[in-house]
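According to the working numbering, the sequence shown holds residues 22 to 395 in order.
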Amino acid sequence: MDKEKIYVSGPSITQKEIDYVDDAVRHAWYGNANIFHEKFEKAFANYVGTKYAIALPSCTSAIHLSVMALGIGEGDEAVVPETTWIASSAPLKYVGAVPRFADVDARSWCIDPASAERQITERTKAIITVDLYGNVPDMDAIDSLAEKYHLPIIEDAAEAMGAEYHGRKAGSLGKVGVFSFHGSKTMTTGEGGMLVTNDSDIYERALFLRDHGRKPGDVMFMNREVAYKYKMSSMQAALGLAQLERIEELVARKRQIFRWYEKELQGLDVTLNDEAENTRNTYWMVSIILDGKYGKTGEELRQFLAKDNIDTRPFFHPLSSIPAYRELGEARGMAEQNPVSYAIADYAINLPSGLDMTEEKVERVCNQIREFLS
């Protein structure tokens with residue numbers, strides 16, 4: 022008989038979420054159509070520590086609106102880290118801008134400020150940071166860089182709900198912050214996202230662009246520009262509100278899962294996620310980098326674990342190496358310029374990190390890793 026499947030990710034859903042969604046299905050219509058959106062956005066802004074929050078259908082749409090609200094367009098550039106999902110950079114293409122790929126720090130796996138500075142040109146209009154797998158970059162250094170070159174920061178906190186940097190919540194560390202509520206994330210709405218900011222101009226512009234170019238309170242159906250339809254449903258907002266009310270419980274669970282892995286993998290020459298002083302890593306994904314001395318790749322480990330019905334994910338490939346960017350001039354020669362991103366990718370994977378993980382499941386995964394490395 023096949024062993025029980027261990028999935029790489031997954032949510033924690035309780036009766037609270039079911040009750041909130043049921044309430045939305047029954048009552049969030051007519052004059053109450055936006056009641057859960059308003060509650061969710063207000064509670065989210067309060068948790069993150071920003072003035073404004075806008076619920077959206079995805080983090081990608083949040084980045085798209087951020088880019089547009091900052092006036093980034095044709096021929097402009099933005100610096101992005103190599104190690105991230107393409108959603109961090111794809112919206113630049115939507116507006117005719119291009120990414121400049123920076124290396125990541127060897128410990129945090131987040132954008133390396135020194136490498137980021139080398140990618141800044143006279144066409145650069147923003148720095149997009151990514152809170153990779155629940156960690157946070159050296160934001161003091163990034164802030165100094167942004168101030169030096171007069172650049173806004175778009176903080177992609179898609180993977181870092183609840184993370185902290187010197188007491189401040191992830192998502193509140195840039196000019197704009199964006200989040201994902203994909204089904205794999207620590208808190209979920211199934212699909213969904215959020216844009217947060219303290220800037221009233223960005224907030225108003227994003228509201229306008231997300232609703233087909235209509236100003237709130239304007240003449241009905243009077244579209245001022247051709248824009249976008251980026252709205253979350255009431256049911257998603259209700260689910261998000263319930264998850265947000267449990268966020269510290271969910272973060273604590275993620276951190277516990279990491280501690281189990283840390284304990285079980287002691288003695289092996291592997292590297293796990295880092296947590297710098299004065300930060301709180303929420304370990305959305307527990308990741309492992311194999312020491313090169315083993316002579317084995319991350320993909321080989323993934324295939325080995327799959328034989329035991331253990332689901333994993335590849336570590337992010339460097340953006341400049343993927344087919345989507347292969348023909349982009351800015352992607353050429355990046356393997357030499359960004360050695361950390363390229364070195365990590367071959368030896369790293371994401372381990373099962375869903376909120377249904379137990380100590381016994383972690384032990385099973387780690388026993389297989391030990392067998393593989395032996």
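Glycine residues also receive a C-beta, built at the ideal position from the N, C-alpha and C atoms.
Check whether residue i and residue j have beta carbons under 8 Å apart
{"i": "Asp11", "j": "Ala118", "result": "Not covered by the structure: residue 11. The range shown for the chain is 22 to 395."}
{"i": "Arg323", "j": "Ile27", "result": "no"}
{"i": "Gly213", "j": "Met253", "result": "yes"}
{"i": "Lys72", "j": "Asn299", "result": "no"}
{"i": "Ser374", "j": "Ser30", "result": "yes"}
{"i": "Ser79", "j": "Ser201", "result": "yes"}
{"i": "Asn294", "j": "Arg334", "result": "no"}
{"i": "Leu91", "j": "Pro32", "result": "no"}
Continuous alpha helix (DSSP H) stretch holding residue i: start and end
{"i": "Arg121", "result": "Arg121 -> not in any alpha helix (DSSP H); beta strand (DSSP E) instead, spanning Val119 to Ala123."}
{"i": "Leu166", "result": "Met160 to Tyr170"}
{"i": "Met355", "result": "Met355 to Gln358"}
{"i": "Glu98", "result": "Looking at the DSSP string, Glu98 is not in any alpha helix (DSSP H); the run it does join, the beta strand (DSSP E), is Glu98 to Pro102."}
{"i": "Asn388", "result": "Glu380 to Leu394"}
{"i": "Asn53", "result": "Neither: Asn53 is in no alpha helix (DSSP H) and is coded neither H nor E."}
{"i": "Ala135", "result": "Pro134 to Arg139"}
Residues of its chain near residue i, where Cβ-Cβ distance is below 7 Å and the 5 sequence neighbours each way are ignored
{"i": "Tyr346", "result": "Leu340 and Ala352"}
{"i": "Phe57", "result": "Ala45, Ala49, Ser255, Ala258, Ala259 and Leu262"}
Counterpart residues of residue i in DSSP-defined beta bridges
{"i": "Asp177", "result": "Val151 and Val199"}
{"i": "Thr300", "result": "Tyr186"}
{"i": "Met215", "result": "Ala76 and Phe200"}
{"i": "Arg144", "result": "None, per the DSSP bridge assignment."}
Limits of the beta strand (DSSP E) - the one that residue i falls within
{"i": "Ser308", "result": "Ser308 to Leu311"}
{"i": "Val291", "result": "Val291 to Leu293"}
{"i": "Ile343", "result": "First-last for Ile343: undefined, no H or E at that position."}
Chain D within 8 Å of residue i, Cβ atoms only
{"i": "Ile278", "result": "Absence of chain D from the displayed structure is noted, only one protein chain being present."}
Supposed contact pair residue j and residue i - C-beta distance, whole angstroms, cut 8 Å
{"i": "Val100", "j": "Ala137", "result": "5 Å"}
{"i": "Ala76", "j": "Met241", "result": "22 Å between Cβ atoms; not a contact."}
{"i": "Ala74", "j": "Phe65", "result": "5 Å"}
{"i": "Tyr363", "j": "Gly319", "result": "About 13 Å separates the two Cβ atoms, so there is no contact after all."}
{"i": "Tyr251", "j": "Ser82", "result": "4 Å"}
{"i": "Gly183", "j": "Thr303", "result": "5 Å"}
{"i": "Ile175", "j": "Ile149", "result": "5 Å"}
Cut-off 6 Å between Cβ atoms - residues of its own chain near residue i, not counting five sequence neighbours on either side
{"i": "Gln389", "result": "Leu326 and Asp329"}
{"i": "Met160", "result": "Tyr186 and Leu194"}
{"i": "Met22", "result": "With a pLDDT of 48 at Met22, under the threshold of 50, the modelled position of this residue cannot be trusted; read the value that follows with caution. Here the set comprises nothing."}
Other residues of its chain near residue i: CB distance less than 8 Å, five sequence neighbours each side excluded
{"i": "Tyr41", "result": "Phe57, Ala259, Leu260, Leu262 and Ala263"}
{"i": "Glu10", "result": "In this structure the chain extends from 22 to 395, so residue 10 is not present and cannot be described."}
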